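A short worksheet on the structure shown next.
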Amino acid sequence: DDASLVIGETEYGIRFCSAVARGNLIATQFHPERSGEAGLRLYDNFLKYAQSVHGETIT
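Each residue of the sequence shown is one higher than the one before, counting from 103 in this note's numbering.
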(Lines of atoms letter the chains of each structure in order from A and count residues from 1; the text may use other names and numbers.)
(Lines give C-alpha, C1' and ligand atoms only; values in the text may rest on other atoms or scores of the structure.)
Protein backbone atom coordinates (compact mmCIF):
# COMPACT_ATOMS: atom_id res chain seq x y z
CA ASP A 1 0.00 0.00 0.00
CA ASP A 2 3.04 2.32 0.28
CA ALA A 3 4.10 3.33 -3.24
CA SER A 4 7.36 4.81 -1.90
CA LEU A 5 8.62 1.25 -1.27
CA VAL A 6 8.18 0.11 -4.89
CA ILE A 7 11.46 -0.29 -6.80
CA GLY A 8 10.18 -2.47 -9.65
CA GLU A 9 7.02 -2.98 -11.66
CA THR A 10 5.94 -5.55 -14.23
CA GLU A 11 3.43 -5.16 -17.02
CA TYR A 12 1.70 -8.42 -17.91
CA GLY A 13 -1.81 -7.56 -18.98
CA ILE A 14 -1.86 -5.10 -16.07
CA ARG A 15 0.90 -3.19 -14.31
CA PHE A 16 1.77 -4.47 -10.83
CA CYS A 17 4.47 -4.12 -8.20
CA SER A 18 7.13 -6.82 -8.56
CA ALA A 19 9.88 -5.52 -6.22
CA VAL A 20 9.92 -3.49 -3.00
CA ALA A 21 12.67 -2.19 -0.73
CA ARG A 22 12.70 -0.90 2.82
CA GLY A 23 15.83 -0.37 4.87
CA ASN A 24 18.18 -3.27 4.17
CA LEU A 25 15.42 -5.57 2.83
CA ILE A 26 14.54 -6.10 -0.83
CA ALA A 27 11.75 -8.48 -1.88
CA THR A 28 10.68 -9.62 -5.34
CA GLN A 29 7.59 -11.28 -6.76
CA PHE A 30 9.60 -13.48 -9.12
CA HIS A 31 12.60 -15.78 -9.38
CA PRO A 32 15.00 -14.49 -12.06
CA GLU A 33 16.84 -16.97 -14.27
CA ARG A 34 20.58 -16.51 -13.94
CA SER A 35 21.34 -18.75 -16.91
CA GLY A 36 20.28 -16.16 -19.51
CA GLU A 37 21.54 -12.71 -20.42
CA ALA A 38 18.48 -10.89 -19.04
CA GLY A 39 18.66 -12.73 -15.70
CA LEU A 40 22.37 -12.03 -15.31
CA ARG A 41 21.76 -8.35 -16.12
CA LEU A 42 19.02 -8.28 -13.48
CA TYR A 43 21.39 -9.69 -10.84
CA ASP A 44 24.09 -7.20 -11.87
CA ASN A 45 21.62 -4.31 -11.59
CA PHE A 46 20.46 -5.64 -8.21
CA LEU A 47 24.04 -5.60 -6.88
CA LYS A 48 24.62 -2.10 -8.24
CA TYR A 49 21.42 -0.91 -6.56
CA ALA A 50 22.36 -2.51 -3.24
CA GLN A 51 25.85 -1.00 -3.41
CA SER A 52 24.42 2.46 -4.14
CA VAL A 53 22.11 2.20 -1.13
CA HIS A 54 24.70 0.84 1.31
CA GLY A 55 27.83 2.50 -0.08
CA GLU A 56 29.94 -0.65 0.02
CA THR A 57 31.03 -3.32 -2.42
CA ILE A 58 28.81 -6.40 -2.41
CA THR A 59 29.88 -9.63 -4.13
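Glycine included, each C-beta is placed from N, C-alpha and C at the ideal position. It should be emphasised that the depicted structure is a prediction, and the values quoted were computed from it without experimental measurement.
DSSP, read as helix, strand or coil, puts Gly125 in coil.
In the DSSP assignment, Glu113 falls within the unbroken beta strand (DSSP E) covering 108 to 114.
Per DSSP, the beta bridge partners of Phe118 are Thr112.
For the pair Arg136 and Ala152, the Cα-to-Cα distance works out to about 18 Å.
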